[in-house]
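Quick note on numbering that gives the first Met the number 0: the sequence shown kicks off at 0 and runs consecutively. In what follows, a structure is listed as structure tokens, so that the remarks can point back to it.
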Amino acid sequence: MPEYTNAFELLMDAELRADGLGESRGILVVEGPDDKRIFARHVRDHAQILPAGGRKLLISAHQKANAEQRGKIVFVTDCDYEVRRGALAGAPDLIITTLTDMESDLLSLGLLEALVLDLVPRALESMAACRQIVSRLRSDAEAVALPLGRLRMAAQPLGVPLHLEDLKLARYWNINTRTMDLGKLIRAMHTKVADEIGVSDWVKLVEQTPGDSGMCHGKDLVRALSFLLKVNYRVEVTAESLARMMRSGLTSARLETWDVIRRIKAWQVANRRYVLGV
0 MPEYTNAFEL LMDAELRADG LGESRGILVV EGPDDKRIFA RHVRDHAQIL
50 PAGGRKLLIS AHQKANAEQR GKIVFVTDCD YEVRRGALAG APDLIITTLT
100 DMESDLLSLG LLEALVLDLV PRALESMAAC RQIVSRLRSD AEAVALPLGR
150 LRMAAQPLGV PLHLEDLKLA RYWNINTRTM DLGKLIRAMH TKVADEIGVS
200 DWVKLVEQTP GDSGMCHGKD LVRALSFLLK VNYRVEVTAE SLARMMRSGL
250 TSARLETWDV IRRIKAWQVA NRRYVLGV
């Protein structure tokens, strides 16, 4: 996949592709390769999807795009926590995920039930058993991911990566109360931001973040599902494999229920250029 050093290179490549594919074809710019994989099964030509190589470059390209380019190129980016902070707003050609990121949006489309049916033998006993497993997994995954999301949001203005993907979830998960030890997490993560903020201010910063389930980051949810499937059902499957299964399970019918797709289609109608379908 091409790598871009600046926004102008990205815009030039996108515009050249749009012109080369014909006046009825548009270009979809996404953050990275995994995002391209989500849409790849649902476009006419894979060349219509460009991974920007990161959110920063994608946003920069959108800001620098002229009116003609905005009629050929549509951008899709993760919400993360920028919308809550008031630091990011969508536009007809800048589509932001409904929840924090692509993975959290996909899980909201009912893909968890399909994963459970494939992975948990007991889910095949009855519809009631399947629904019970799905409900508990969803609830517990949110219980794991929510404090991580709050930590992510608190650390964002400090500009310090927490590398939560390396976190040993078992150290903080209480299997009896089905809760994460937020206090222990806050103290552990302070070691990573200690050069920027004192411990008492760090605690306040985390406590000031919202506590609703919309704070859950999709990548944390997927990691949590991998962890919980092993702990509760003795099913060993990596987060990466779960993400691949989710992408594969994104049927056309499920795709139609996704708000991101509705907004892409609105852009298509307005500009008479098409990314999705034929």
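Glycine residues also receive a C-beta, built at the ideal position from the N, C-alpha and C atoms.
In the DSSP output, which residue or residues are listed as bridge partners for residue i?
| i | result |
| --- | --- |
| ARG24 | TYR273 |
| MET179 | TRP172 |
| VAL29 | PRO50 |
| ALA90 | LEU93 |
Which of helix, strand or coil does DSSP assign to residue i?
| i | result |
| --- | --- |
| LEU166 | coil |
| LEU15 | helix |
| ASN173 | strand |
| VAL133 | helix |
| PRO50 | strand |
| VAL234 | coil |
| VAL42 | strand |
| GLU195 | coil |
| TRP266 | helix |
Smallest Cα separation from residue i: which of the options?
| i | options | result |
| --- | --- | --- |
| ILE48 | GLU67, ARG16, TRP257 and LYS218 | ARG16 |
| LYS218 | PRO50, ALA153 and ASP77 | ASP77 |
| THR250 | LEU168, ILE37 and VAL82 | ILE37 |
| HIS41 | PRO50, GLU81 and ALA252 | ALA252 |
| THR176 | GLU124, VAL143 and GLY148 | VAL143 |
| SER212 | GLY148, ARG272 and ILE196 | GLY148 |
| SER107 | ARG272, MET179 and VAL133 | VAL133 |
| GLY182 | LEU163, LYS203 and LEU27 | LYS203 |
| GLU81 | THR96, VAL230, VAL234 and SER138 | THR96 |
| GLY21 | VAL28, ASP44, LEU118 and PRO1 | ASP44 |
What are the start and end residues of the alpha helix (DSSP H) that includes residue i?
| i | result |
| --- | --- |
| LEU118 | 111–118 |
| PRO1 | From DSSP, PRO1 is part of no alpha helix (DSSP H); its letter is neither H nor E. |
| ARG121 | Counting along the chain, ARG121 falls outside any alpha helix (DSSP H), and DSSP gives it neither H nor E. |
| GLN68 | 66–69 |
| SER103 | 101–105 |
| LEU254 | 251–254 |
State the start and end residues of the unbroken beta strand (DSSP E) segment that holds residue i.
| i | result |
| --- | --- |
| THR76 | 72–76 |
| VAL94 | First, the amino acid is wrong: residue 94 is Ile here, not Val. Looking at the DSSP string, the run of the beta strand (DSSP E) that includes ILE94 is 93–95. |
Cβ contact (3+ pairs, closer than 8 Å) linking the region 87–97 and the region 68–76: yes
Contact between the region 110–121 and the region 229–241 (3+ Cβ pairs under 8 Å): yes
Inter-stretch contact (C-beta, 8 Å, three-pair minimum) for the region 182–195 and the region 152–161: yes
Meets three-Cβ-pair contact criterion under 8 Å: the region 214–229 and the region 98–105: yes
Cβ contact (3+ pairs, closer than 8 Å) linking the region 48–60 and the region 25–37: yes
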